[in-house]
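K.L.:
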Amino acid sequence: MTIASNAFMELVRQPVFLLLMSCSAVFNVFLATVPYFGFGDDPKLVKDSTLAVMLLSGLFGAVLNASSSVAHEIRSGTALAVLAKPVGRAQFLLAKYVGLAAALAVLTYLNALSALLASRMAYDAYGDADTLGLGIFCGALALGYAAAGFINYFLRRPFVANAVLAVVIMATLAFVIIVSFTQTKNRFGLAPNEVDWRLLPAAILILFALLVLAGLALACSTRFEMIPTLAICTGIFLLGLMSDYLFGRRAEPVWMASLQAELNNPLLEGGQKKLLKEVVEKYDENKDGRLDLVEQKSLRPEDKQRLSQAGMGGRWWASVLYTVVPNWQLFWLADALEGKNKIPWSYVGRAFAYVIGYLGASLALGLVLFEERELG
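Just so you know, we're using this note's numbering here: the sequence shown kicks off at 1 and counts up by one.
#1: Across the stretch 18 to 38 and the stretch 78 to 92, are there enough close Cβ pairs to call them in contact, namely three or more that are closer than 8 Å?
#2: Under 8 Å between the Cβ atoms of Ala-71 and Leu-11?
#3: Output the distance between the C-alpha atoms of Thr-229 and Ala-219, rounded to the nearest integer angstrom.
#4: Can the beta-carbon of Thr-50 be found less than 8 Å from the beta-carbon of Ala-4?
#5: Have a look at Leu-359, Val-98 and Gln-329 and flag the residue whose alpha-carbon is nearest the alpha-carbon of Thr-2.
#6: On a CA-only basis, which of Asn-152, Leu-141, Phe-181 and Thr-182 is nearest Met-377? Give me that one, please.
#7: Name the two residues that bound the continuous alpha helix (DSSP H) containing Lys-96.
#8: So, with DSSP's three-state summary, where would you put Gly-127?
#9: What three-state label does DSSP hand Glu-73 in the structure shown?
#10: What is the residue span of the alpha helix (DSSP H) that Gly-240 lies within?
#11: Using the Cβ count rule (16 or more neighbours within 10 Å means buried), how would you classify Ile-356?
#12: Taking the alpha-carbon of Asn-341 as reference, which of Ala-217, Trp-317, Leu-199 and Asn-327 has the nearest alpha-carbon?
#13: Across the stretch 359 to 370 and the stretch 205 to 217, are there enough close Cβ pairs to call them in contact, namely three or more that are closer than 8 Å?
#14: In chain order, what residues of the same chain have a beta carbon less than 6 Å from the beta carbon of Gly-339, not counting five sequence neighbours either side?
#15: Based on Cα-Cα distance, which residue from Gly-240, Tyr-36 and Ile-232 lies nearest to Tyr-123?
#16: Could you work out which residue in Val-63, Val-53, Phe-181 and Pro-43 is closest to Phe-224 when comparing CA atoms only?
#17: Could you tell me the boundaries of the alpha helix (DSSP H) in which Arg-350 lies?
#18: Does DSSP put Arg-250 in a helix, in a strand, or in coil?
#19: Pull up the distance between the alpha-carbon of Phe-370 and that of Arg-13, whole angstroms please.
#20: Could you check if Lys-274 is buried or exposed, using at least 16 other CB atoms within 10 Å of its CB as the buried criterion?
#21: From Met-121, Gly-61, Ser-114 and Val-16, pick the residue whose C-alpha is nearest to that of Ala-101; which is it?
#22: Does the distance from the CB of Thr-182 to the CB of Leu-134 come in under 8 Å?
#23: Using alpha carbons as the reference points, say which of Asn-111, Glu-278 and Leu-45 lies closest to Leu-59.
#24: For Leu-321, tell me which candidate among Phe-352, Ile-136 and Phe-247 has the shortest Cα-Cα distance.
#25: Look up Asp-196 in the DSSP assignment and say whether it is helix, strand or coil.
#26: Could you have a look at Phe-331 and say whether DSSP puts it in helix, strand or coil?
#27: Suppose contacts are defined by Cβ-Cβ distances below 8 Å. Is Asn-379 in contact with Ala-148 by that definition?
#28: Using three-state DSSP, classify Asp-41 as helix, strand or coil.
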């Protein structure tokens, strides 16, 4: 626990962490004061943009913090000094991850707070920019910096760590003040905007994605410095965003896809297309050109075997890669907030189970790499 708390304090003492946290929060609120001429979809654009800022800032925060937490200590010899005590490498790595996860939680909390505030401040053609809310929020953050400077000058305490704490407290107070004591202005007597609390589960899902990415970054940082770690994590991030397209559609059996799309698939031969059309038309009761879930369950084992033997049962290599590569689309549900739709909390619970499983695998990989690393 001591190693984890020390790791957390080391991360929040870094100036880059304070700058990343402050700039992303201010930018989120600023996005809500810009006219987009989005034909009524301006609030949706603001919400999507704030979630994207939350994800990208967390990506850089996870990689930078993981590199400074492990790679820097290995290079400077601090890790060797700690492991000289009765502390195992597994305990050391796990404690470092706990400290990293806590720092990412603080970063995501402030970004989520600013995203919720931006959802209230966002306006369309019938509203006006909430400059008062922007001023209160930015003023609160400036007061947080001033308080940290006062403590640093008179009490000789570290500026950055106190600034992080002060900014989080002042941003929370600013959120309460803006939501409770101010109102947005809309034309034609329209009701003032309210906070879109549906963003809360979306922000938690993004935090889950950052926790998975932090585990991968920590595993990479046991072997590489910051720049290679950033390159590897960025590659995994981009590959995971395209996981459904690159691997998902090849991993699932052909009969689960659209019949018309597969009949136009140049990878399938004439005999395969003929067999597929025969089987799909046999079980497609509603004649929509594909087998829905109920129709798939009615598929007989002998027909499944015929399709599999014809090479249409899904590719094994795609199934392996689809399992190994993290699917970030599971955590990016901005499109699910269209209209009045909500993200069910049951889905958040299932996503958490996915995170636990993937974290176990990534930290195990990191431990294997760390066990073989020479620290001398």
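Glycine residues also receive a C-beta, built at the ideal position from the N, C-alpha and C atoms.
Fair warning: this is a prediction, and the values are worked out from it, not measured in the lab.
P.N.:
The answer reads as follows:
#1: no
#2: no
#3: 9 Å
#4: no
#5: Val-98
#6: For residue 377 there is no data in the structure shown, the boundaries of the chain being 1 and 376.
#7: According to the DSSP assignment, Lys-96 belongs to the alpha helix (DSSP H) that extends over 89 to 121.
#8: strand
#9: Helix, per DSSP.
#10: First-last of the alpha helix (DSSP H) with Gly-240: 226 to 241.
#11: Here Ile-356 is exposed: its Cβ has fewer than 16 other Cβ atoms, across all protein chains shown, within 10 Å.
#12: Leu-199
#13: yes
#14: none
#15: Tyr-36
#16: Val-63
#17: For Arg-350, the enclosing alpha helix (DSSP H) starts and ends at 345 to 371.
#18: helix
#19: 25 Å
#20: Exposed, by the Cβ-count rule.
#21: When C-alpha distances from Ala-101 are compared across Met-121, Gly-61, Ser-114 and Val-16, the shortest belongs to Gly-61.
#22: no
#23: Asn-111
#24: Measuring from the Cα of Leu-321, the nearest candidate turns out to be Phe-247.
#25: Of the three classes helix, strand and coil, the one that applies to Asp-196 here is coil, per DSSP.
#26: coil
#27: Past the boundaries of the shown model lies residue 379; the chain is included only from 1 to 376, so the question cannot be answered.
#28: coil
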